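S.K.:
Rendered as structure tokens:
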């Protein structure tokens, strides 16, 4: 996989400090956040400029996770005396079910994203799970973007539908899950929902189905990939954001958006997400090698090969 396009991706999202409980273990004050997971995953393929906000309460160990060769940190604002966004969650034995224990917005409450001047000519932008107002501010600063990929969640679909609609009209690819697709369109049938989502603006949609894989829709053409059969899921937090990082990072690295590239990007995104689930926080992504990634992509090839 050659480096065809080293131009950085501009990504806006959250940096968080998480507390995570599973039936077997609990970890506190580990690095999380939608922007963090995306940026670390995408940096496996391509440079990424992360636009985010943090408090000065982050530890050196947390910052060290972000200090990667392909990760540009100039877009992170550090608020003196501020508290970094934090979230706590408890997973059930069925890891598809979790309870939110707490959410503290901290400095995220007054977040005003500023894209570094050196990155405002970026042609690829990823809008991670932050409020639509912040997403629009980033789009206004990177006005020449040619490929805009957006992630969303139920909260913004119900709570800020008008501005979310503005974001979708400026989006080329939307990434969302089953529940979000149904909530956004009112369609129970996911095939119908995919078509209705595209009518809102995005010309392509990626439907995340967790352990059951992902579906890519470009017009009426569909590509479906099963989930990787992990034997031990330690922590699924950030898997969706990691999928997005692998998906967008691969496309940027290839330098085109052909049918073949988009389908391969779903595979690479799924492979990255599967590694994310193998340990808490970004521990597994942080030590993931290119050889390990390519080996898992090959496993996907064998998984779906027939005849």
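Numbering (this note's numbering), first residue to last: 301 to 607.
Virtual Cβ for every residue (Gly too), placed ideally from N, Cα, C.
Source: prediction; values computed, not measured.
(1) Could you tell me whether the region 401-410 touches the region 437-445, where touching means 3 or more Cβ pairs closer than 8 Å?
(2) Less than 8 Å between the CB atoms is what I'm expecting for residue 319 and residue 586, so what's the real figure, rounded?
(3) Taking just the CA atoms, how far does residue 531 sit from residue 351?
(4) Strictly by DSSP, which residues pair up with residue 391?
(5) Thinking C-alpha only, which one of 520, 543, 516 is nearest residue 528?
(6) In chain order, what residues of the same chain have a beta carbon less than 7 Å from the beta carbon of residue 373, not counting five sequence neighbours either side?
(7) If you count every other CB in all the chains shown that lies within 10 Å of the CB of residue 480, and 16 or more means buried, which is it?
(8) Of the choices 597, 579, 380, 591, whose alpha-carbon is the least far from that of residue 569?
(9) Roughly how many angstroms lie between the CA atoms of residue 311 and residue 606, to the nearest whole one?
(10) What are the start and end residues of each continuous beta strand (DSSP E) run of 3 or more residues lying completely inside the region 483-563, in chain order?
(11) Compute the distance between the beta-carbons of residue 460 and residue 428, then report whether it is under 8 Å.
(12) Just to confirm, are residue 538 and residue 346 a CB contact at a threshold of 8 Å?
(13) Do you know how far the Cα of residue 576 is from the Cα of residue 322?
(14) Please state the DSSP three-state secondary structure of residue 360.
(15) Please give me, in chain order, every unbroken run of the alpha helix (DSSP H) with length at least 4 that falls completely inside the region 423-493.
(16) Counting only the same chain and skipping the five closest in sequence on each side, list residues whose C-beta sits under 7 Å from that of residue 382.
(17) Going by beta carbon distance, what residues of the same chain come within less than 6 Å of residue 416, once the five residues before and after it are set aside?
(18) Spatial neighbours of residue 344 within its chain, please: CB distance less than 8 Å, with the 5 preceding and 5 following residues excluded, ordered by chain position.
(19) Can the beta-carbon of residue 472 be found less than 8 Å from the beta-carbon of residue 503?
(20) Look at the alpha carbon of residue 313 and the alpha carbon of residue 486, and state the distance between them as a whole number of angstroms.
(21) Shortest alpha-carbon distance to residue 496 belongs to which of 468, 541, 442, 513?
M.R.: For this structure:
(1) no
(2) Wrong, their Cβ atoms sit about 19 Å apart, outside the cutoff.
(3) 35 Å
(4) 398
(5) 543
(6) 350, 366
(7) buried
(8) 597
(9) Note on geometry: alpha-carbon atoms of residue 311 and residue 606 lie some 37 Å from one another.
(10) 504-508, 514-518, 521-525
(11) no
(12) no
(13) 15 Å
(14) helix
(15) 432-441, 454-459, 461-469, 478-485
(16) So the qualifying residues of the chain are 355, 356, 406, 407.
(17) Close CB contacts of residue 416 within its chain, under the 6 Å cut and outside five residues either way in sequence, are with 374, 375 (chain order).
(18) Non-local C-beta neighbours of residue 344 in its own chain, meaning closer than 8 Å and more than five positions away in sequence, comprise 370, 545, 546, 549, 572, 585, 588, 590, 593, ordered along the chain.
(19) yes
(20) 27 Å
(21) Measuring from the Cα of residue 496, the nearest candidate turns out to be 468.
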